[in-house]
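**Q**
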Amino acid sequence: MPTARDRNRIFEQPKFRVRYRNRCHKCGRPRGFIRFFKLCRMCFRELALEGKIPGVRKASW
Numbered sequence: 006m007p008t009a010r011d012r013n014r015i016f017e018q019p020k021f022r023v024r025y026r027n028r029c030h031k032c033g034r035p036r037g038f039i040r041f042f043k044l045c046r047m048c049f050r051e052l053a054l055e056g057k058i059p060g061v062r063k064a065s066w
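Take any residue in the sequence shown, note its place counting from 1, add 5, and you have its number in the working numbering.
1. For residue 49, count neighbouring C-beta atoms within 10 Å of its own C-beta (all shown protein chains included) and say buried if the count is 16 or more, exposed if not.
2. For residue 44, count neighbouring C-beta atoms within 10 Å of its own C-beta (all shown protein chains included) and say buried if the count is 16 or more, exposed if not.
3. Mind listing, in chain order, the continuous alpha helix (DSSP H) runs of no fewer than 4 residues lying wholly within the region 6-53?
4. Cβ atoms of residue 47 and residue 34: under 9 Å apart, would you say?
5. Given a cut-off of 9 Å, decide if residue 42 and residue 58 are closer than it, judged by their beta-carbon atoms.
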């Protein structure tokens with residue numbers, strides 16, 4: 006888990022727009038990012054299984 010100082014550094018606005026990287030709002034992870042929810046795949050799964058994301062449930066077919 007990043008410290009407060011690391012988190013501030015991660016979310017600073019880059020000097021150039023092309024350097025911007027989407028990051029998870031919960032943990033700051035840059036990969037496996039889901040834009041609609043602004044979360045990485047692991048945080049999304051964790052919150053979805055806890056029922057904290059309305060309208061999302063595990064698929065079954």
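Even for Gly, the Cβ is constructed at its ideal location relative to N, Cα and C.
Only a predicted model underlies this, so the values are computations on that prediction, with no experimental measurement involved.
**A** In this structure, then:
1. buried
2. buried
3. You should have 9-15.
4. yes
5. yes
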